[in-house]
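Asks:
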Ligand SMILES: [Zn+2]
Ligand SMILES: [Zn+2]
Ligand SMILES: [Zn+2]
Ligand SMILES: [Zn+2]
Ligand SMILES: [Zn+2]
Ligand SMILES: [Zn+2]
Ligand SMILES: [Zn+2]
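What follows is the structure in C-alpha cells.
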C-alpha cells in the first residue's frame, strides 16, 4: 500500500517533468485519489486515428507495480484489440506479460503503439478484426477514421 | 527331493511374495532382489529423490543446482526429455525456453556495493548493498524484489518466479528468493522451500501422491509404465493411473463409469419397485412376466399385479374371477421393455461382481481361521511340518478372486453399447464375448474349487488326505494363475488391443499380486544398473536347482531377453521348477 503510493507519487513527479518531452501523452492524476488516473493520448500519425485525441482511464491496484493497472478507453475507438462497448484493451503487458518495470507513462506508449499496429488475431472487436484478417484494410481504415472523426475530434462549430 | 521342495517353499513364503507360478518375465522382475520398479517416496527421501535427478542434469551440463531445478521443473522432471531437447535443439535453446540465463561476466556486479543504484520499480536511489542483481543482469532494490517474491509465492508460483524486468524470461535464483523473503517472512520462505521440494511430485508425471486418507505423506514413483497398480508402504493398493482402488482388468475409464453406475443404486431400486411386487403371502418380490396381471409367486400364491391383493387362479385377459379392482391398464411401453433389458444386463454383471467381491471379503476372514488350522496341524503332524502351500494357495485365491470380480465390470462395458457400440459388428462382438466368457467361466470354476479346498478342515484329516488336498490346492493355484494371465492377454490383445482406441489401458497382470513399492533409499542406484538383470527362472530349466546353479544359469541367460516390459514369453508349463506343481510332477522331473 505504502509502496504503491510512493511509486505513484514518483510517477506523478516524473510526469510533470516529461510533459514537454512527450507531447503525445497527457497523464493526469485524480485530485482526490492517487489510484485513479486519466490520460489523453494523440492518435499516431499515418493511422486512421491521426488527429484524434483519446481518453484513457486508469485504475491502479494496491499491489501496483507488482500488479498491472486496469486501463480502458473512454473514447469510442474502432480497433481490433479494443472492446467497442466497454473500451477494454487486449494487451499482453496489461495481463500476463506485465512487469513491475512498466510505468503508467510507458503503458500509454504501449497503447499508442498498439493503435498503430493492431493484432487482428486476438480481437476484442470482432468486426474490426475480421475486416483486417480478411485483408480489407481499406474497409477497416475507413471505419476507424469515421469513428475517430465522430468520437475523438473536437466538434466543429 | 521332498526336502528340496519344502525348502523351496519356505523360500517363497516370505511376505514379499509367495507363489512362484507360471510367470511372464514381467512379474519376474519384481521377484529379483532388485525389487519393484515402483518406489515409495517419503517426506525424508523426497529430497534425495529430487537431488538424484538434479545431480544427473548438473553433471551433464555442469550447472548449479538451482539452474538444474529450473530446467527440470520446466521439463516436468523428465530427465530423458530434457536430454533429448538438449541433443536436438542445443543448450542455448534448452536454457532460453526454461528461463535459465547465465551472464558470463558477473564480476562487474561486485563493484556496486559502494555506489548508488536507481531501482526502476520504486524509482528510488538505493545503496548498492540494498539492491540485488540477478543472473540475467537486472538489478532492483531488495525491497521491491521481496515484494515481488511474496506476491509470486502467494500466487502459488514459487516454481517459476521470473525477473521483474520487462520481457525478461529469467527465473530468479532460488537462493536470492529464499534469502530476501526469509528476512521479512520466515514462514513464507519455508513455504517456498516446500513448494520447490514438492514440485518433484506435483510437476512430475512419474510421481504421484498416495491417495490414502488420512494421507500417509508418501508419494509413489514409477519407473516406466504409468499403467500399473501399486501398494504404498502404508498398505494402500491403488491404480497409479487414476488413483482409485486397483481395478484391473478394468480400464480406468470403465472403472470410473462402473463406480458411478453402482453409486447410482437407485436404478436398481427403481427397477425393483417398478417391476416387482411383494407376494401377499411370503412377501418375496415377484416379477411380472408378460402382459397378464395375474401373477403367481414361486410359493404358489396368485395375486393381482395392480392392487397386490391375493386372488384365485381363474382369470381372463382383463379380469380375475372373484376379484374386482378394475385398475387394469394396458402396459404398452416398449421403452420400459428396453430399460428393463438394460437393467437386467447391468444386474447380471453387478450381481456377479458383487458376489465375488463379497466372497473376497469372506475369504479374507478365512485367513485367520486357516492360521489356526495350520498351527494345529503343525503340532499334530511332525511329518508334514510344512504348510506354506496353504498360505500360498490362499494368496492365489485372493488374487484370482480379485481378477474375477473386476472382470465383470470389464465385460459389462466391453460388450455393452455404452463405449464400443460402433467399434465392433454385432457378430464380432458375439464371438469375442463368447471367447471371453469361456475364459471367465473357467477361471470362476477353478477359483471356486480352490476356495472349497482351502476351507476344508484339513487339521482334522489324516496325512494322506492332507496330501491329497495339498496337491489339489497346488494344482488349482497354477491353473488359476495361468487363467488369469490368459484373461489379461486376451483383454489386452484380442479385445482392447483391436480397438485402435488408446484410451483403454489396463495394468499388466502380476502373478505375485499388486506390487509393493519399495522405500526409496537415500542413495539408490540409477535404474541403468538394474535394467540388464534377469530373473532366475528365465532359465527355463526343470527340477530343483541349487542357488548356485541358478546364478550360473542367470549369467548364461544374460542376453536372453530384450524387453523387460510387458514381455510375453510363451512358457511351457512343465518346464519350470514350480512349487505349485503337484509333488508327483516334480518327482517325475
Ligand atoms: Zn525498488
Ligand atoms: Zn532479468
Ligand atoms: Zn500411502
Ligand atoms: Zn485406474
Ligand atoms: Zn409368495
Ligand atoms: Zn394370464
Ligand atoms: Zn386388483
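Residue numbers (the UniProt record's numbering), protein chains in the order written: chain A, 1 to 157; chain W, 1 to 589.
Note that beta-carbon positions come from the ideal geometry of N, C-alpha and C, so glycine has one too.
Given the structure is predicted, the values throughout are model-derived calculations rather than measurements.
1. Given 7 Å as the limit, tell me if residue 244 of chain W has its C-beta closer than that to any heavy atom belonging to ligand 3.
2. Beta-carbon separation of residue 483 of chain W and residue 443 of chain W under 8 Å?
3. With DSSP run on the structure shown, which of helix, strand or coil describes residue 127 of chain W?
4. So, at 8 Å on beta carbons, what are the nonlocal neighbours of residue 196 of chain W in its own chain, with the 5 sequence-adjacent residues on each side left out?
5. In chain order, which continuous runs of the beta strand (DSSP E) of length 3 or greater are located wholly inside the UniProt domain "UBC core" (3-153) of chain A?
6. If we count the other Cβ atoms within 10 Å of its Cβ and call it buried at 16 or more, is residue 87 of chain W buried or exposed?
7. If you draw a straight line from the alpha carbon of residue 75 of chain A to that of residue 54 of chain A, how long is it in whole angstroms?
8. If I follow the unbroken alpha helix (DSSP H) through residue 414 of chain W, where does it start and stop?
9. If I measure Cβ to Cβ from residue 33 of chain W and keep anything under 8 Å in the same chain, skipping five residues before and after, which residues do I get?
10. For residue 63 of chain A, go through chain W and note every residue whose CB falls closer than 7 Å to its CB, in chain order.
11. With distances taken from CA atoms, which of W:207, W:375, W:367, W:376 is nearest residue 396 of chain W?
12. Buried or exposed for residue 208 of chain W, going by 16 or more other Cβ atoms inside 10 Å?
13. With 16 as the cutoff for other CB atoms within 10 Å, does residue 32 of chain A come out buried or exposed?
14. Compute the Euclidean distance between the alpha carbons of residue 119 of chain W and residue 163 of chain W, then round it to the nearest angstrom.
15. With distances taken Cα to Cα, identify the nearest neighbour of residue 204 of chain W among W:375, W:46, W:423, W:61.
16. So, for residue 26 of chain A: in the same chain, excluding its five sequence neighbours on each side, which residues have a beta-carbon less than 8 Å away from its beta-carbon?
17. From residue 200 of chain W to residue 74 of chain W, what does the alpha carbon distance come to, in whole angstroms?
18. Cβ of residue 515 of chain W less than 8 Å from any chain A Cβ?
19. Among the candidates W:350, W:223, W:280, W:233, whose CA atom is the shortest distance from the CA of residue 77 of chain W?
20. With 7 Å as the limit, tell me which residues of the region 98-111 of chain A have their beta carbon closer than that to any beta carbon of chain W; keep them in chain order.
21. In the DSSP assignment, find the unbroken alpha helix (DSSP H) run with residue 590 of chain W in it and report its ends.
22. Nearest to residue 357 of chain W by alpha carbon, out of W:141, W:433, W:246?
23. Could you tell me whether the Cβ atoms of residue 83 of chain A and residue 130 of chain A are closer together than 8 Å?
24. Using a beta-carbon distance below 8 Å, is residue 171 of chain W in contact with chain A?
25. Among W:477, W:414, W:439, W:310, which residue has its Cα nearest to the Cα of residue 498 of chain W?
26. Taking the alpha-carbon positions, what's the residue 30 of chain A to residue 96 of chain A distance?
27. Since residue 165 of chain W meets chain A, which of its residues come closer than 8 Å, beta carbon to beta carbon?
28. Distance, Cα to Cα, residue 303 of chain W vs residue 295 of chain W?
29. Would you mind telling me which residues of chain W sit closer than 8 Å to residue 7 of chain A, beta carbon to beta carbon, in chain order?
30. Enumerate in chain order the residues of its own chain whose CB-to-CB distance from residue 116 of chain W is below 8 Å, with the five nearest sequence positions on each side excluded.
31. Quick one: is residue 148 of chain W near chain A, going by C-beta distance under 8 Å?
32. Tell me the DSSP secondary structure of residue 248 of chain W in three-state form.
33. What does a CB cutoff of less than 8 Å around residue 479 of chain W pick up in its chain, not counting 5 residues either side in sequence?
34. Does the distance between the C-beta of residue 131 of chain W and the nearest non-hydrogen atom of ligand 2 fall short of 7 Å?
35. So, helix, strand or coil for residue 237 of chain W, using DSSP?
36. Can you grab the Cα-Cα spacing for the pair residue 10 of chain A / residue 4 of chain A, in whole Å?
Replies: In this structure, then:
1. Every heavy atom of ligand 3 is 7 Å or more from the Cβ of residue 244 of chain W, so no.
2. Cβ distance < 8 Å, so residue 483 of chain W and residue 443 of chain W count as in contact.
3. Reduced to three states, the DSSP call for residue 127 of chain W is strand.
4. Correct list, in chain order: 69, 158, 159, 174.
5. Along the UniProt domain "UBC core" (3-153) of chain A, the beta strand (DSSP E) occurs as fully enclosed runs of 3 or more residues at 25-29, 36-42, 53-59, 70-73, listed in sequence order.
6. By the neighbour-count rule (16 or more Cβ atoms within 10 Å), residue 87 of chain W is not buried but exposed.
7. Looking at the two C-alpha atoms, the distance is approximately 5 Å.
8. Residues 388-414.
9. At residue 33 of chain W the pLDDT is 40, less than 50, meaning the model places this residue with poor confidence; the figure from the coordinates comes in the next sentence. When the five nearest sequence neighbours on each side are left out, no beta carbon in the same chain lies closer than 8 Å to the beta carbon of residue 33 of chain W.
10. Within 7 Å Cβ-Cβ: 151.
11. Looking at the Cα atoms, W:367 is the closest of the given residues.
12. Residue 208 of chain W is buried by the Cβ-count criterion.
13. Classification for residue 32 of chain A: exposed.
14. Whole-angstrom Cα-Cα distance: 13 Å.
15. For the residues W:375, W:46, W:423, W:61, the minimum Cα distance to residue 204 of chain W belongs to W:46.
16. So the qualifying residues of the chain are 19, 39, 40, 41.
17. So the two alpha carbons sit approximately 11 Å from each other.
18. Cβ-Cβ to chain A under 8 Å: no for residue 515 of chain W.
19. Among W:350, W:223, W:280, W:233, the Cα nearest to that of residue 77 of chain W is on W:223.
20. For the region 98-111 of chain A, residues whose beta-carbon sits nearer than 7 Å to a beta-carbon of chain W comprise 99, 100, 101, 102.
21. No answer is possible for residue 590 of chain W: it lies beyond the span of chain W, which begins at 1 and ends at 589.
22. It is W:246 whose Cα lies nearest to the Cα of residue 357 of chain W.
23. Residue 130 of chain A sits away from residue 83 of chain A, with the two beta carbons spaced by 8 Å or more.
24. The beta-carbon of residue 171 of chain W is placed no less than 8 Å from the nearest beta-carbon of chain A.
25. With distances taken between Cα atoms, residue 498 of chain W lies closest to W:414.
26. Computed Cα separation, rounded: 27 Å.
27. The answer, in chain order, is 99, 101.
28. Looking at the two C-alpha atoms, the distance is approximately 6 Å.
29. The answer, in chain order, is 121, 122, 123.
30. Excluding positions up to five away in sequence, the list reads 125, 126, 127, 128.
31. Yes, residue 148 of chain W lies at the interface with chain A (some Cβ there is under 8 Å from its Cβ).
32. Three-state result, residue 248 of chain W: coil.
33. Apart from the 5 residues on each side of it in sequence, residue 479 of chain W sits with its Cβ closer than 8 Å to the Cβ of 446 in its chain, given in chain order.
34. No.
35. Residue 237 of chain W falls in the strand class under three-state DSSP.
36. If you draw a straight line from the Cα of residue 10 of chain A to the Cα of residue 4 of chain A, it comes to about 10 Å.
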